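A.B. asks:
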Amino acid sequence: MKFSLPLGRHNLYRMMRNQWKVARKRRIVETNAEKVLLNNNIEVVDANEYLEPARRSFDFSTIVGLAPLPVPKDENHPMYKEQPCYLYRDHSVLLEGLPQALALTNTVQLEANTLPPRIQGLVDKVQLPNQD
């Protein structure tokens, strides 16, 4: 069935819910199949006998080498530091927002459209030819 605008206006969830309400009230029909099979000397076997038992879950912690082993700290390495280095990237979640980002990166927030006075002085000294 093509999904069209009139079909989209129908509440399909409500229709399915009502269908389940109707279906749950149905009675199981007795077919007497077991009696008929026994009368014809056909053996009736319980289907649960052929089902496999539930599989036991495997303990993956016994596998050696599945997870990478932690790298031992080498105090002789020239870049070794006692204090760990934390990274700040695009996907990092900062709870405090900009103040926390400024503290992590050890930076200062500049005011809008302003430069430090030293750099502003250098910009003012530059003269371009044909400048108005």
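The opening position of the sequence shown corresponds to residue 0 in numbering that gives the first Met the number 0, with each subsequent residue numbered one higher. Glycine included, each C-beta is placed from N, C-alpha and C at the ideal position. What you are looking at is a predicted structure, and each value in this text was computed from that prediction instead of being measured.
(1) According to DSSP, simplified to helix, strand and coil, what is ARG13?
(2) First and last residue of the alpha helix (DSSP H) that includes LYS72?
(3) For GLN108, which residues from the same chain have a beta carbon less than 8 Å from its beta carbon, with the 5 sequence-adjacent residues on both sides left out?
(4) Near LEU93, which residues of its chain fall below 7 Å by C-beta distance, leaving aside the five closest residues on each side in sequence?
(5) Mapping the DSSP letters down to three states, classify GLN42 as helix, strand or coil.
C.D. replies: With the structure as the only source:
(1) Locating residue 13 in the sequence shown gives position 14, where the first residue counts as 1. Helix.
(2) Within the sequence shown, the letter at position 73 stands for residue 72. Taken as a continuous stretch (DSSP letters only), LYS72 belongs to no alpha helix (DSSP H), as it is neither H nor E.
(3) Your numbering for residue 108 matches position 109 in the sequence shown. These residues qualify, in order along the chain: LEU97 and LEU101.
(4) Translated into the one-based positions of the sequence shown, residue 93 becomes position 94. Result list for LEU93: GLN99 and ALA100, in chain order.
(5) For this step, residue 42 is matched to residue 43 along the sequence shown. Note that residue 42 corresponds to Glu in the displayed sequence, not to Gln. Coil.
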